[in-house]
Amino acid sequence: MEAKDKPVRELCDSKWLRDLAFIVNITKYLSELNVKLQGPNQLLSSLLSNVKSFEAKLRLWKLQLEKGNTVHFPTLEAQKPSTTLEYAGECAKLLEALSERFNDLKSRQVELNIFAIPFNVEPADVPDNLQNEIIQLQSDDELKARYNNLRLLEFYKRYISNDEFPALRRHALKYASVFGTNYLCEQFFSKVTIAKSRPRSRLTDANLVNQLRVATSSIRANIPRLTREKQFQPSH
């Protein structure tokens, strides 16, 4: 920049460079968390687990930065800061912000545990209407083996029947249907933008609804079956 006669004074400011280095590292960690919280089929229990994991890391980083340990902040470490107390404070602020944002979700921790790790919860800690079914579930070694070898939703779909575990199944349906992120909303509006492009300005609302239903659904159409059921009109 100096060669172009456009000097950047901040690049000569060691304090500014240290702050930038910290931002580079913490932004990388936040970006990694964001990726884990996005995408389809994101369960609420998985979302909370990722948030709690990041909060635990923040607590560790805060303690380490208070002692001048920058092992998890390599870009900051390269600046050889004489003190890192300020950055420990930034970790504390971020930890507080996350705690406030996800406080409502954390208040449902017991209910989420019943859904995500039903074999690990204490029957006495769960709601009364679920206690007997939880005991019955935890006493079944075969079901526990199935649980360990299947995806969570697949386990509920195959083995938690409405006849044998009605309350537990209703509980699972409740938390499996909650959107953990706004991914589906973003995907929907993206499809709207594509469907209602300028060359397709004459698209009717009825056709738009049909197109969006197909575009956003994860259900694959059974074309052979649909064509078999279609009554073709022979030419006269």
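Counting from 4, one number per residue, gives the positions in the sequence shown under my numbering.
Just so it is clear, CB atoms sit at the ideal spot from N, CA and C, and this is done for glycine as well.
A direct Cα-Cα distance of roughly 42 Å separates S221 from E93. Contact annotation: L108 and L61 have beta-carbon atoms that are not nearer than 8 Å. Distance between V124 and R172, taken at the CA atoms: about 16 Å. With contact defined as three or more Cβ pairs closer than 8 Å, the stretch 79-96 and the stretch 144-153 are not in contact. Residue burial annotation: L66 is exposed, with fewer than 16 other C-beta atoms found within 10 angstroms of its C-beta. Between F168 and L140, the C-beta gap is smaller than 8 Å, which places the two residues in contact.
In the three-state DSSP reduction, V124 falls in the coil class, being neither helix nor strand. Cβ atoms of Q134 and P126 come within 8 Å of each other, at about 5 Å. Exclusion of the five residues before and after A170 leaves N132, L133, E136 as the residues of its chain whose Cβ lies within less than 7 Å of its Cβ. Your pair A24 and A81 checks out as a contact, with CB atoms roughly 7 Å apart and the cut at 8 Å. One thing to note: Y178 has its Cβ within 8 Å of the Cβ of F118. In the DSSP assignment, F118 falls within the alpha helix (DSSP H) that extends over 112-119. Unbroken alpha helix (DSSP H) runs of no fewer than 4 residues, entirely contained in the stretch 69-94, are found at 77-80, following chain order.
Straight across, the Cα-Cα distance linking A59 with S180 is about 28 Å. Taking 8 Å as the cut-off, the Cβ atoms of K194 and L176 do not count as close. For K233, the three-state secondary structure derived from DSSP is coil. Taken through DSSP and simplified to helix, strand or coil, T207 comes out as coil. Minimum Cα-Cα distance from R154 among the listed residues Q112, S56, Q45 corresponds to Q45. Within the stretch 130-167, the complete alpha helix (DSSP H) runs of at least 4 residues fall at 131-141, 144-152, 155-162.
Residue range 169-179 is occupied by the alpha helix (DSSP H) that includes R173.
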